[in-house]
Amino acid sequence: MPAGETMRKMDNNAYEVEYGKWSRIIIKVQFIIAVIVFAIEILNNILLYTTRSQGYGPDTIVEKLIRYLLITSIFNFGMVILSKIAENRVEDEEAKRYFLMLFLTLMCADVAYSHYQFSVTFAIFTIPIIISILYEDSKLSIFTLIISLFGEVIAVMARASDEGYNKDIGPEAAIAFALLICVFVFARMISSTLRKRRDAVKEAVIKAEKANASAEKMILSMKMLETLAGTLDAKDKYTNGHSMRVAFYSTRLAEALGWDKEQISMLRYEALLHDIGKIGVPDAILNKPSKLSEMEFGLIKSHTIVGSDILKNMIAVPGACEVARYHHERFDGKGYPSGLSGTDIPVNARIVCIADAYDAMSSDRIYRKALSREKIRQELMDGSGTQFDPELLNKFVEIMDADKLDILDITDALSISENDMQQQNILTDIENMIQRLSNASEQKKVINDFDKFYKYMRNIGLRYNHSVEVVQVEIDNAAAGNSDDRINEVSDLLQIAIRKNIRAVDMHYQYSPTKHIIILLDAGVDNIEVVQKRIQFDFDTNEMSRDYKLKFTLSDHMEAPGGSKG
1 MPAGETMRKM
11 DNNAYEVEYG
21 KWSRIIIKVQ
31 FIIAVIVFAI
41 EILNNILLYT
51 TRSQGYGPDT
61 IVEKLIRYLL
71 ITSIFNFGMV
81 ILSKIAENRV
91 EDEEAKRYFL
101 MLFLTLMCAD
111 VAYSHYQFSV
121 TFAIFTIPII
131 ISILYEDSKL
141 SIFTLIISLF
151 GEVIAVMARA
161 SDEGYNKDIG
171 PEAAIAFALL
181 ICVFVFARMI
191 SSTLRKRRDA
201 VKEAVIKAEK
211 ANASAEKMIL
221 SMKMLETLAG
231 TLDAKDKYTN
241 GHSMRVAFYS
251 TRLAEALGWD
261 KEQISMLRYE
271 ALLHDIGKIG
281 VPDAILNKPS
291 KLSEMEFGLI
301 KSHTIVGSDI
311 LKNMIAVPGA
321 CEVARYHHER
331 FDGKGYPSGL
341 SGTDIPVNAR
351 IVCIADAYDA
361 MSSDRIYRKA
371 LSREKIRQEL
381 MDGSGTQFDP
391 ELLNKFVEIM
401 DADKLDILDI
411 TDALSISEND
421 MQQQNILTDI
431 ENMIQRLSNA
441 SEQKKVINDF
451 DKFYKYMRNI
461 GLRYNHSVEV
471 VQVEIDNAAA
481 GNSDDRINEV
491 SDLLQIAIRK
501 NIRAVDMHYQ
511 YSPTKHIIIL
521 LDAGVDNIEV
531 VQKRIQFDFD
541 TNEMSRDYKL
551 KFTLSDHMEA
561 PGGSKG
C-alpha cells in the first residue's frame, strides 16, 4: 500500500482513502508554519533593530512590529483556527478539502507577501502543492496550483512595487514560477501513481476477501463432512476410524506415486467420504454377526449409489462423487455398481479400493479377527489384476513392505483427528481426572490398579465415541542396582523416548521413578505395538540404559509382545 494511504472497508465492500487523517496533517503543518514564522520574525526584528537595517530604528520599530509580527501572526494563527473550524463544521468532505487547501495557500501568500526581503519565501508555495498529493485528487491539485500562482503573483507585485526594495526581482520570480510548475507536474505524477496503486490494492483486497470467504466455506463444508464421516463410522463399532485410516492409506500410496500436494489433499477427502452412502443402511444390517441375506447385501451395495447422489453437487471435492460410486468396482469388471473395468475406473477410486480392502483385512470385524500381515499381503497379491489395479497394487505392497503404512508414522495424516473438537474435550477430561487423582490420597492405589485405571480412561473415551488405550511402561532395575540418581537418569531417557514416539493428541504421565503411563487416543490396536517397539528401540540404543529392561503392560483386551497382559 502506498505510504500514507489508509484504507477502510465500506458497507458496499468498496474502499476509499481516509481523508480525515490528511486534514489533521494540513492543520498541523499550518500550525508549524505559523509558529516558525512567529519565532523567525521575533529574531529578525531584533536583528534588524540592533543593526538599524532596512529602516529599523527607535522611531519605526512600532510600525515594523505591527506590520511584520503582529498582523502576520494574527493572520497565520487565524488561518489555523479557520481550518480547525472547517474540519469540525463542514460535513461535505470535498468542500472541506478545498477550504483547507485555500487556508494553507493563503497562509503561504501572507508569508511571501510580508517577508519579501527573503528570496526563499517564494518557494513556500510548493508546500500546498506537495501536500495536495496526499488527497490523490487531480481537481484539487489544479485548484491548489491556481491559488498558489495567484498568491505568488501578489507577492512578486508587492515586492516590485516597494520603493525601499530596489533589487531586480525578475530572475527570482522566473525561478519561483518555474519551480512551482515543476513541483506541480511532479506532484501530479506521484498522485497518479498512488491512485493506480490504491486501485490495485483495492482490487487485490476484494479478490482476497472473496477467496478467503470461499476458503472458509470450503473448510466449514469439509469439517461438516468429516464429522458426518466419523459419525457413519461409529454406526459400526468394528469400523470406527475406518474412513480416516482409508484416507491415510490412500494418501500414502499417492505420495509414493509422486502426486502433488493438491492432488493428495483432494484424494484424502474423497477417501474420507467414500462410505458416506452407508447413512442409508440400517445399523442392524451393518452390525449383523451372521451371514447377510441377498436383500441385505443389496442394501449394503446400494451405499455406493446413495453416496454418489449425496456428493454429486459437492464443488469443493468434485471427485468425491466418483470415488463413492466406483470404489467397489473391480479391475476385471466384476465389481459393482456399474461393472467398470481397467482404466475405465477412475484412478482415485482404484486407489481407495486397495486402501479400503487393506483396512478391512487389518481390522477386527464382527465376523472375524484382523488378519496377519503375511495373510493380508497374500490376499492383496491374489487380487492383482482381478480385484485391484496391478500397477497400483505393486506400489502399495512396496510401501507396505517398507513399513510405511503405520498410522502413527506421519503427523500430517492425523490432522483430521487432531483437529477434532471431541478429542480436545477428551484430553481436557483426562487431564482433569489426572489432576483430581494427583490431589487424592488414593492416587497410587488407583493408578497401580491398572484395570481400574484403564476403565476410567475407556469410559471417558466412550462418552465421546472415541477409543482410548493405556500402556504402562515400567523400568525393571533388579539387575542393574537401585541407585536413585541412576534410576532418575534412566527414567529421564525413557521419558524422552516416549515423547518422541507419541503424537500431540496422546498423553504421558510419570507417577513413580520407574513407572510411566501412556494414554493413546484413537490409535488402533495394531499401532500400539508400533509405538511400543519404537520406544523400546530408542531406549535400548542409549548406552546408559542398556542394563535396564522395560516391562510393558497394555489394556485388558491386548497382549503385550514380550511384556505382560494388563
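Just so you know, the numbering used here puts 547 at position 547 of the sequence shown, and the rest follows in order with no gaps.
Idealized CB from N, CA, C, for every residue including glycine.
Let me check one thing: in DSSP terms, what residues is M507 bridge-paired to? BP columns for M507 point to I519.
Do you know how far the Cα of S467 is from the Cα of G524? G524 and S467 have their alpha carbons spaced roughly 8 angstroms apart.
Between D484 and K551, which are expected to be in contact by the criterion C-beta below 8 angstroms, what is the C-beta distance as a whole number of angstroms? Between K551 and D484 the Cβ distance is about 20 angstroms, and since that is not below 8 angstroms, they are no contact.
In this structure, how does DSSP classify S192 when only helix, strand and coil are distinguished? Three-state DSSP puts S192 in a helix.
Just list the residues that DSSP pairs F388 with in beta bridges. Among the bridge pairs identified by DSSP, F388 is matched with S384.
Please state if the CB of G151 and the CB of A109 are separated by a distance shorter than 8 angstroms. Yes, these two residues count as a Cβ contact at 8 angstroms.
Roughly how far, in whole angstroms, is the beta-carbon of I129 from the beta-carbon of V183, given that I think they are within contact range, below 8 angstroms? Right, their Cβ atoms sit about 5 angstroms apart.
If you measure between the beta carbons of K515 and Q472, is that distance less than 8 angstroms? Cβ distance < 8 angstroms, so K515 and Q472 count as in contact.
State yes or no: is the C-beta of L253 within less than 8 angstroms of the C-beta of I354? Result yes, Cβ atoms of L253 and I354 sit closer than 8 angstroms.
Would you call I351 buried or exposed, if buried means 16 or more other Cβ atoms sit within 10 Å of its Cβ? I351 should be labelled buried.
When you compare the CB positions of G277 and T251, do they come within less than 8 angstroms of one another, or not? T251 is positioned such that its CB atom lies no closer than 8 angstroms to that of G277.
Quick check on this structure: which residue in L340, Q30, K312 has the alpha carbon closest to the alpha carbon of I74? The option with the nearest alpha carbon to I74 is Q30.
Relative to the C-alpha of L554, which residue among I310, I519, N542 is closest? Looking at the Cα atoms, I519 is the closest of the given residues.
Secondary structure of S512, DSSP reduced to three states: S512 falls in the strand class under three-state DSSP.
Out of P289, L493, L521, which has the shortest C-alpha to C-alpha gap to V470? In terms of Cα proximity to V470, the closest of P289, L493, L521 is L521.
Which whole-angstrom value is the C-beta distance of I535 and A497, which I expect to be below 8 angstroms? Indeed they touch by this definition, with Cβ atoms about 5 angstroms apart.
Is T105 near I147, with beta carbons less than 8 angstroms apart? Their beta carbons are under 8 angstroms apart, which means T105 touches I147 by this criterion.
Using the Cα positions of P346 and Y269, report the straight-line distance between them to the nearest angstrom. Going from the Cα of P346 to the Cα of Y269 covers about 15 angstroms.
Alpha carbon to alpha carbon, what distance is there between F537 and Y548? Taking the straight line from one Cα to the other gives about 13 angstroms.
Go ahead and pull the three-state DSSP assignment for G567. This structure does not reach residue 567, given that the chain is present from 1 up to 566, and the question cannot be answered.
Mark N348 as exposed unless 16 or more other C-beta atoms lie within 10 angstroms of its C-beta, in which case mark it buried. Here N348 is buried. Its C-beta has 16 or more other C-beta atoms within 10 Å.
So for Y249, helix, strand or coil by DSSP? In the structure shown, Y249 sits in a helix (DSSP, three-state: H, G or I).
How many angstroms separate the CA atom of I190 from the CA atom of D199? Roughly 14 angstroms separates the two Cα atoms.
Excluding five sequence neighbours on each side, which residues of the same chain lie with their C-beta closer than 8 angstroms to the C-beta of I127? Closer than 8 angstroms at Cβ, skipping near neighbours: V29, I33, L104, C108.
Do you know how far the Cα of A284 is from the Cα of D260? The straight-line gap from Cα to Cα measures roughly 41 angstroms.
Find the nearest neighbour of L380 within the set D401, K369, R368, D506, judged by alpha-carbon distance. For the set D401, K369, R368, D506, the Cα lying nearest the Cα of L380 is the one of D401.
Got a sec, what are the start and stop residues for the alpha helix (DSSP H) F297 sits in? Where F297 is concerned, the enclosing alpha helix (DSSP H) stretches over 294 to 301.
Which of the three DSSP states, helix, strand or coil, is assigned to V281? Reduced to three states, the DSSP call for V281 is coil.
Leaving aside the five residues before and after A247 along the sequence, list all residues of the same chain whose C-beta is less than 6 angstroms from its C-beta, in chain order. Counting only Cβ-Cβ distances below 6 angstroms, and skipping sequence neighbours, we find R268, A271, L272.
With a CB to CB cut of under 6 angstroms and the five nearest residues on each side skipped, what residues in its chain are close to R245? Taken in chain order, the residues that qualify are D359.
Measuring alpha carbon to alpha carbon, tell me which of T343, E255, D364 ends up nearest N287. Distance check between N287 and each of T343, E255, D364 places D364 closest, using alpha-carbon atoms only.
For H508, I'd like the list of residues in its chain whose CB is within less than 8 angstroms of its CB, leaving aside the five on either flank, ordered along the chain. Only Q495, I498, R499, I502, H516, I517, I518, I519 meet the Cβ criterion.
Using 8 angstroms for Cβ pairs, my map puts Y98 next to L140. What's the rounded Cβ distance? Between the beta-carbon of Y98 and that of L140 there is about 7 angstroms, and that keeps the pair under the 8 angstroms contact cut.
Beta-carbon spacing of E329, L340 below 8 angstroms: Yes, these two residues count as a Cβ contact at 8 angstroms.
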